[in-house]
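The working numbering puts the first residue of the sequence shown at 479, with every later residue one more than the last.
C-beta atoms are modelled at their ideal positions from N, C-alpha and C, and glycine is treated no differently.
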Amino acid sequence: MRHCAKSCAALPTTVASACFSLTHRALKAATNIVPRLRRIEIALAGPAQLGISFLSTMRAKQLGRTGVSIPEIGLGTWNYHGGANPLRKGIAAGANFIDTAESYGTEAVVGEAIRGISERVFIATKVSPQNFHSSDFRKSVEASLRNLGTETIDLLQLHHPNPAIPIEETMGAMSDLVDQGKIKFCGVSNFSVAQLQAAQKALGKYPIVSNQLRYNVIDRTIEKDILPYCEANGITVIAYSPLSKDLSRITDCDPTGVIAEIARATGKTPAQVVINWCICQQNVVAIPKANSAAHILENCGASGWRLSNDQIALMNSRIQSRHRNKFDALARKLMPPSLQKIAVRARNLLPRRLRRLVS
Ligand SMILES: NC(=O)c1ccc[n+]([C@@H]2O[C@H](COP(=O)([O-])OP(=O)(O)OC[C@H]3O[C@@H](n4cnc5c(N)ncnc54)[C@H](OP(=O)(O)O)[C@@H]3O)[C@@H](O)[C@H]2O)c1
Numbered sequence: 479m480r481h482c483a484k485s486c487a488a489l490p491t492t493v494a495s496a497c498f499s500l501t502h503r504a505l506k507a508a509t510n511i512v513p514r515l516r517r518i519e520i521a522l523a524g525p526a527q528l529g530i531s532f533l534s535t536m537r538a539k540q541l542g543r544t545g546v547s548i549p550e551i552g553l554g555t556w557n558y559h560g561g562a563n564p565l566r567k568g569i570a571a572g573a574n575f576i577d578t579a580e581s582y583g584t585e586a587v588v589g590e591a592i593r594g595i596s597e598r599v600f601i602a603t604k605v606s607p608q609n610f611h612s613s614d615f616r617k618s619v620e621a622s623l624r625n626l627g628t629e630t631i632d633l634l635q636l637h638h639p640n641p642a643i644p645i646e647e648t649m650g651a652m653s654d655l656v657d658q659g660k661i662k663f664c665g666v667s668n669f670s671v672a673q674l675q676a677a678q679k680a681l682g683k684y685p686i687v688s689n690q691l692r693y694n695v696i697d698r699t700i701e702k703d704i705l706p707y708c709e710a711n712g713i714t715v716i717a718y719s720p721l722s723k724d725l726s727r728i729t730d731c732d733p734t735g736v737i738a739e740i741a742r743a744t745g746k747t748p749a750q751v752v753i754n755w756c757i758c759q760q761n762v763v764a765i766p767k768a769n770s771a772a773h774i775l776e777n778c779g780a781s782g783w784r785l786s787n788d789q790i791a792l793m794n795s796r797i798q799s800r801h802r803n804k805f806d807a808l809a810r811k812l813m814p815p816s817l818q819k820i821a822v823r824a825r826n827l828l829p830r831r832l833r834r835l836v837s
């Protein structure tokens with residue numbers, strides 16, 4: 479992504495993946511005809527083997543205030559089991575931004591997917607909180623670089639805050655790795671406003687360019703303070719779980735079927751409508767995860783168009799959303815994964831009206 483990112487920066491809402499091999503002038507021409515190409519966006523998603531992805535309708539947004547653009551839809555890889563091919567198809571369709579983490583066990587498959595094309599893909603990974611002491615941090619990054627098969631990580635994120643390790647130590651290690659060229663940009667994930675401010679102070683000379691946070695049409699917790707803070711301070715919000723981990727959880731909270739109504743009116747799918755809702759926010763990009771090429775390409779089609787203000791207002795008023803409080807957050811954090819699975823299964827046995835209350 480390094481070279482193309484620079485030329486994309488001059489065209490903030492243009493076709494990120496087209497930068498792969500089109501010249502700047504050809505890219506401008508492509509941008510002008512993009513609206514006419516909406517219907518064939520998926521049909522054009524094939525030429526990955528040629529190393530090109532032209533005329534995708536994927537739009538780009540600036541990462542923080544870096545002047546570098548990334549696609550507004552990236553590929554999430556937590557619990558990803560689809561192999562390298564679906565990811566390559568997503569890259570070819572314009573989603574040349576992949577999110578992984580040392581804890582996901584998917585860095586190697588991401589490395590496989592970007593082999594030979596890594597210069598054209600923006601790679602984001604994460605260090606786990608137990609590795610925030612400086613020597614562990616460096617070892618984690620070295621392991622991620624080996625797994626990914628790259629010399630640089632485009633965006634390195636702290637996966638969760640870890641109050642047990644001084645943030646100055648962690649950010650010092652991060653800053654050294656930027657100096658050494660092993661990391662290009664610094665980001666965080668699941669950080670509150672206060673945690674973000676402390677991390678930025680500790681990082682000093684480099685900016686924190688992104689905060690990865692849960693955000694979707696039924697979980698709007700971040701709208702209270704961290705989303706506006708990021709917007710005001712030029713920090714990109716990378717929205718995780720934009721489909722709430724399972725689209726049915728979202729449709730459960732849509733008793734009057736407004737998502738299906740808007741999908742019919744726009745000619746898009748419900749998943750595309752829901753993802754588009756997230757990226758309608760100025761500084762938000764989304765990273766849905768899908769195992770199949772079909773879902774990945776469908777999700778890429780959530781870019782290249784916009785819900786109208788009226789449609790957004792309808793979704794806001796008719797979908798039952800929630801703002802999680804600190805107790806919710808703590809309960810989720812403390813609940814062991816095995817218990818979480820049981821809770822999800824139990825929830826799915828409830829009638830729809832009750833499922834909505836515990837989504
Ligand atoms: N920083 C963090 O703490 C954190 C936490 C959670 C997630 N994340 C990141 O965010 C990414 C996405 O979040 P997520 O994995 O939690 O959930 P998500 O993207 O909201 O939902 C994933 C689920 O939606 C399904 N799906 C995908 N596309 C679909 C479509 N077009 N139609 C219907 N269903 C579709 C997937 O099924 P199939 O796979 O079968 O297609 C999968 O079951 C993760 O992969 C990870 O990279 C970060």
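- Message: Taking 6 Å as the cut-off, is the C-beta of Leu690 nearer than that to any heavy atom in ligand 1?
- Response: Note on residue identity: the sequence assigns Gln, not Leu, to residue 690. Yes, ligand 1 has a heavy atom inside 6 Å of this Cβ.
- Query: Does the separation of the CB atoms of Thr574 and Arg593 fall below 7 Å?
  - Reply: Just to set this straight, residue 574 is Asn in the shown sequence, not Thr. Contact check for Asn574 against Arg593 fails: the beta carbons are separated by 7 Å or more.
- Query: What did DSSP end up calling Cys758 once you bin it into helix, strand or coil?
  - Reply: It is coil, neither helix nor strand.
- Task: May I ask which residues mark the beginning and end of the beta strand (DSSP E) holding Leu785?
- Result: Per DSSP, Leu785 belongs to no beta strand (DSSP E) and is neither H nor E.
- Task: Since I believe Gln635 is in contact with Val666 (beta carbons under 8 Å), could you give me their beta-carbon distance rounded to a whole number of angstroms?
- Result: Indeed, because the Cβ distance is near 6 Å, the residues count as touching under 8 Å.
- Smallest Cα separation from Gly572: which of Phe805, Asn777, Pro814? Nearest C-alpha to Gly572 among Phe805, Asn777, Pro814: Asn777.
- Item | For Gln540 and Ser653, the rounded distance between their alpha carbons | In this structure, the alpha-carbon of Ser653 lies about 22 Å from that of Gln540.
- Cβ neighbour criterion (16 or more within 10 Å) applied to Val695: By the neighbour-count definition (other C-beta atoms within 10 Å, threshold 16), Val695 is a buried residue.
- Bridge-paired residues (DSSP) for Val605: In DSSP, Val605 forms a bridge with Leu636.
- Task: Take Pro706 as the anchor and find which of Leu691, Pro720, Tyr718 has the nearest alpha-carbon.
- Result: When Leu691, Pro720, Tyr718 are compared, the shortest CA-CA separation from Pro706 is found for Leu691.
- Query: So Pro564 packs on Asn711, CB below 8 Å; how close in whole Å?
  - Reply: No, Pro564 and Asn711 are not in contact; Cβ-Cβ is about 35 Å, not under 8 Å.
- In angstroms with no decimal places, state the Cα-to-Cα distance between Gly627 and Pro720. Computed Cα separation, rounded: 28 Å.
- Item | Contacts around Lys662, its chain only, beta-carbon distance under 6 Å, and the 5 residues preceding and following it disregarded | Closer than 6 Å at the Cβ level, and outside the excluded window around Lys662, lie Thr630, Asp632.
- Query: So the beta strand (DSSP E) Asn689 belongs to, where does it begin and stop?
  - Reply: Looking at the DSSP string, the run of the beta strand (DSSP E) that includes Asn689 is 686 to 692.
- Task: Indicate whether Ala602 and Ile645 have their beta-carbon atoms separated by less than 7 Å.
- Result: For the pair Ala602 and Ile645, the CB atoms are not nearer than the 7 Å cut-off.
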